[in-house]
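Residue numbers (this note's numbering): 289 to 625. All C-beta atoms, glycine included, are put in the ideal place defined by N, C-alpha and C. Contents: one structure, followed by commentary.
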Ligand code: G3H
Ligand code: 13P
Ligand code: ZN
């Protein structure tokens, strides 16, 4: 039953030149698409649940869907992660619900408040055998209730928002976090860049120097594939100027710079939406949900398989499970300790 924390995954990813895909789940088809792709590629996976997803799907339903995936694929290393947790209360609920990893995002708070909140979360999570990701610096784009800066304003002031390497070292040391989400130019949503898309590799290299061995996380890492935008626009949508992070830059961050987790949500939404739009436009008489949600699920499988190669994590599942067994990580308390 390799439901695990992200530790066995990141132990191997950090020096192994690969990263684990963290994909947002909101319903059954999205979850099945991701898991089918990871099974086909024998890749580790992090299924992440936002506060909005907990509310939309009702966490009980979502949890049972994920438990079914774990049951179906005993060979796959799987972590269940809270994406952008914002309060200690929410994190405690996630721990009770059987998550193996949580993110506390205090990046919008003043620094000392971020330290205090993150440390409190680390204490609660570690006591339950759950690992913690936190964030320093600021991303652009839209993220749940928090509307970040638009692409133009973000790019103009980028230096101000990037993670400060010295502060990152102080933060990691004072909070005891297991991984750190860094701001290096990525942003949430489908409109990430107005001008040239470029990640701050010098910044991530500097963070690696000040925080040796600390697994780094990239949020806002959808690449917004042009062919999906074209499909959306061709079949009645309107997404002008959508732009993501080029996949070659993500591949470089993963292979060279200690990035162990890469968050992808927008691309899943685009794949699903483009396919549903196509079915509705080309088969206007269709009204059986299985006949549009099924192809949409297949589109997610195809997208995620491509991502797994970009992240260089295809074929890594068995090694991670072996390492997890060696570590002897306890079964999450939710599942009977
Ligand atoms: O970073 C945010 C993720 O894309 C989740 O989005 O809060 O709308 O579920 P959501
Ligand atoms: P995207 O919007 O680029 O997919 O980022 C998702 C994310 O960071 C979830 O936490
Ligand atoms: Zn995010």
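Taking its Cβ as the centre, do 16 or more other Cβ atoms sit within 10 Å of residue 565, making it buried, or is it exposed? Mapped onto the chain shown, residue 565 falls at position 277. Burial call: buried.
Answer yes or no: does any C-beta atom of chain C fall closer than 7 Å to that of residue 451? The structure shown contains no chain C; it is built from a single protein chain.
Tell me which residues share the same chain as residue 602 and place their Cβ nearer than 6 Å to its Cβ, disregarding the 5 neighbours each side in the sequence. Taking the chain shown and counting its residues from 1, one reaches residue 602 at position 314. The beta carbon of residue 602 lies closer than 6 Å to those of 329, 331, 596 in the same chain, with the five residues before and after it left out.
Give me the Cβ distance between residue 379 and residue 373, rounded to the nearest whole Å; I'm assuming they're in contact under 8 Å. If you number the chain shown from 1, residue 379 lands on position 91. If you number the chain shown from 1, residue 373 lands on position 85. Rounded, the Cβ-Cβ distance is 5 Å, consistent with contact.
Close Cβ partners of residue 471 (< 6 Å) along its chain, the five nearest in sequence each way excluded: Position 183 of the chain shown, counting from 1, holds the residue named residue 471. For residue 471, where only same-chain residues beyond five positions count, the Cβ hits under 6 Å are 425, 426, 427, 449, 450, 451.
Beta-bridge pairing of residue 422 - partner residues as DSSP gives them: For the purposes of this step, residue 422 is taken as residue 134 along the chain shown, with counting starting at 1. DSSP lists 392, 468 as partners of residue 422.
So what does DSSP say about residue 402, is it helix, strand or coil? One-based indexing of the chain shown puts residue 402 at position 114. In the structure shown, residue 402 sits in a helix (DSSP, three-state: H, G or I).
Taking just the CA atoms, how far does residue 614 sit from residue 491? Residue 491 sits at position 203 when you count from the first residue of the chain shown. Residue 614 sits at position 326 when you count from the first residue of the chain shown. Taking the straight line from one Cα to the other gives about 34 Å.
Exposure label - residue 620; buried when at least 16 CB within 10 Å: On the chain shown, residue 620 is found 332 positions in, with the first residue counted as 1. Buried, by the Cβ-count rule.
For the stretch 561-575 against the stretch 290-308, are there 3 or more C-beta pairs whose distance is under 8 Å? no
DSSP state of residue 575, grouped into three classes? Here residue 575 refers to the residue found at position 287 when the chain shown is read from its first residue. The answer is coil: DSSP assigns residue 575 none of H, G, I, E or B.
Using 8 Å as the Cβ pair cut-off and three pairs as the minimum, do the stretch 514-528 and the stretch 455-467 touch? no
Relative to the ligand G3H, is the shortest distance from any of its heavy atoms to the C-beta of residue 315 smaller than 6 Å? As a position in the chain shown, residue 315 is number 27, starting the count at 1. Incorrect: residue 315 has no Cβ contact closer than 6 Å to the ligand G3H.
Through-space distance from residue 414 to residue 242, alpha-carbon basis: Any answer about residue 242 is impossible in this case: the structure gives the chain only from 289 up to 625.
What do you reckon, is the C-beta of residue 341 under 6 Å from a heavy atom of the ligand G3H? On the chain shown, residue 341 is found 53 positions in, with the first residue counted as 1. Within the cutoff, so yes.
Extent of the continuous beta strand (DSSP E) run through residue 372: Here residue 372 refers to the residue found at position 84 when the chain shown is read from its first residue. It spans 366-373 - the beta strand (DSSP E) in which residue 372 sits, taken as one unbroken run.
Going residue by residue through the stretch 474-513, where are the continuous alpha helix (DSSP H) segments of at least 4 residues, counting only ones entirely within it? 489-498
Which complete alpha helix (DSSP H) runs does the stretch 304-369 hold, if anything under 4 residues is left out? 316-329, 339-345, 347-360
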